[in-house]
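Enquirer: Under the UniProt record's numbering, the first residue of the sequence shown carries the number 1, and numbering increases by one thereafter.
Virtual Cβ for every residue (Gly too), placed ideally from N, Cα, C.
Being a predicted model, the structure only gives us computed values, none of them experimental.
Structure in structure tokens, see below.
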Amino acid sequence: MGEYHTSHFEEPVMQSPDEPRSVRVITDVETMRALSDPTRVAILRLLMTGDRSAPPVLSAKEIAAALREPQTKLYRHLKQLESAGLIDVAETRLVSGIQEQRYRTAQLDFTISRDLVTNDGSTEFADTLTALFSEFRTELLSNLTAGRVPVGSAAETPLGLVVSRGMVTRVSPARAAEFRRRLVDLHAEFDALQDDSPDGIPVHLLLGWYAVTDPGNGWSAAGS
Numbered sequence: 001m002g003e004y005h006t007s008h009f010e011e012p013v014m015q016s017p018d019e020p021r022s023v024r025v026i027t028d029v030e031t032m033r034a035l036s037d038p039t040r041v042a043i044l045r046l047l048m049t050g051d052r053s054a055p056p057v058l059s060a061k062e063i064a065a066a067l068r069e070p071q072t073k074l075y076r077h078l079k080q081l082e083s084a085g086l087i088d089v090a091e092t093r094l095v096s097g098i099q100e101q102r103y104r105t106a107q108l109d110f111t112i113s114r115d116l117v118t119n120d121g122s123t124e125f126a127d128t129l130t131a132l133f134s135e136f137r138t139e140l141l142s143n144l145t146a147g148r149v150p151v152g153s154a155a156e157t158p159l160g161l162v163v164s165r166g167m168v169t170r171v172s173p174a175r176a177a178e179f180r181r182r183l184v185d186l187h188a189e190f191d192a193l194q195d196d197s198p199d200g201i202p203v204h205l206l207l208g209w210y211a212v213t214d215p216g217n218g219w220s221a222a223g224s
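Structure below.
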């Protein structure tokens, strides 16, 4: 897998015919394993960021620059994501005689099958959660250390860091379901925030929610 240096692009020699699917349901352990590494999570997050109608198409060099990682470190992770069908090679170009592959997400969103969470894939699901939390933590600490994250109350800075952990010990299932719906809507709104503001800034969000129910009732059986 080659990369370009600095030169004009020649004509692309291959284009991927497939557009990213709207939602992918992950149903196999092997794909789940591909999500169990923070670097691969970061790559996928980058490729799934921005305009959902036109996801970014990036080379390994561009991905490395965005993630502040060595380019050579990414090749193995890109190959694993491609093998799992989570990213595609959208273009292959020749640049000064060197082949450059450019990658695009294979889905705009994904969900994980209920069977993988509760059955044989539970270990891989735990690893995926760890990777998601680790990737967010690494980005946050890196930006905090560099002084790029405002910290303070809303009165002091409207862009201040928010970290919160909460638990409600007793609420009706109907109200809990409504709150979950509002969180999902808020996340969809967050995904659509991207704009072309000349003074635009990166914003990070990690959202988690779960309800604890009796496996014998109808509330825990819906969905996968």
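Kindly indicate the opening and closing residues of the alpha helix (DSSP H) around Asp-127.
Expert: Note, Asp-127: alpha helix (DSSP H), 122–145.
Enquirer: Measuring alpha carbon to alpha carbon, tell me which of Val-57, Val-162 and Gly-166 ends up nearest Leu-144.
Expert: Leu-144 has its Cα closest to that of Val-162, out of Val-57, Val-162 and Gly-166.
Enquirer: Rounded to whole angstroms, what's the CA-CA distance from Ala-155 to Val-149? Just pull it up for me.
Expert: Going from the Cα of Ala-155 to the Cα of Val-149 covers about 16 Å.
Enquirer: Given a cut-off of 9 Å on the beta-carbon distance, is the pair Ile-87 and Thr-72 in contact?
Expert: No. Outside cutoff.
Enquirer: Using the beta-carbon count (16 or more within 10 Å), is Arg-40 buried or exposed?
Expert: The residue in question, Arg-40, is buried, as its Cβ has 16 or more Cβ neighbours within 10 Å.
Enquirer: Compute the Euclidean distance between the alpha carbons of Arg-165 and Glu-100, then round it to the nearest angstrom.
Expert: Approximately 44 Å between the Cα atoms of the pair.
Enquirer: Strictly by DSSP, which residues pair up with Leu-94?
Expert: According to DSSP, which records beta bridges pairwise, Leu-94 is partnered with Gln-99.
Enquirer: Is it true that the CB of Arg-102 sits closer than 9 Å to the CB of Val-57?
Expert: Closer than 9 Å, so yes.
Enquirer: Taking only three categories from DSSP, how would you classify Ile-87?
Expert: Three-state result, Ile-87: strand.
Enquirer: Given 8 Å as the limit, is there contact between the region 168–186 and the region 198–216, that is, 3 or more CB pairs closer than that?
Expert: The region 168–186 vs the region 198–216: in contact.
Enquirer: Curious, which full-length beta strand (DSSP E) runs of at least 3 residues does the region 15–70 contain?
Expert: Here the runs fully enclosed are 21–26.
Enquirer: Evaluate residue 228 with the Cβ neighbour count: other Cβ atoms within 10 Å of its Cβ, from every protein chain shown; 16 or more gives buried, anything less gives exposed.
Expert: Only positions 1 to 224 of the chain appear in the structure, and residue 228 is not among them; the question remains open.
Enquirer: In the DSSP output, which residue or residues are listed as bridge partners for Asp-191?
Expert: Looking at the DSSP assignment, Asp-191 forms no beta bridge with any residue, so it has no partner.
Enquirer: Do Ala-90 and Arg-33 have their C-beta atoms within less than 9 Å of each other?
Expert: Result no, Cβ atoms of Ala-90 and Arg-33 do not sit closer than 9 Å.
Enquirer: Suppose you measure from the CA of Pro-38 to the CA of Leu-132; what does that come to, to the nearest Å?
Expert: If I take the Cα positions, the gap works out to 6 Å.
Enquirer: Verify whether the separation of the beta carbon atoms of Val-29 and Leu-116 is less than 9 Å.
Expert: In this structure, Leu-116 lies closer than 9 Å to Val-29 by Cβ.
Enquirer: Would you list the residues sitting across from Ile-112 in a DSSP beta bridge?
Expert: Ile-112 is bridged to Ile-26.
Enquirer: Taking Arg-76 as the reference, which of Ala-60, Gly-160, Arg-68 and Ala-66 has the closest Cα?
Expert: Minimum Cα distance to Arg-76 is reached at Ala-60.
Enquirer: Between Trp-209, Gln-194 and Gly-160, which lies nearest to Ser-53 when the distance is taken from Cα to Cα?
Expert: Taking only the C-alpha atoms, the option nearest Ser-53 is Gln-194.
Enquirer: Leu-44 to Gly-200, Cα distance in whole Å?
Expert: Each residue's alpha carbon lies about 22 Å from the other.
Enquirer: With DSSP as the reference, please indicate the residues paired to Arg-104 in a beta bridge.
Expert: BP columns for Arg-104 point to Asp-88.
Enquirer: I need the straight-line Cα distance from Phe-179 to Thr-92, nearest angstrom please.
Expert: Approximately 45 Å between the Cα atoms of the pair.
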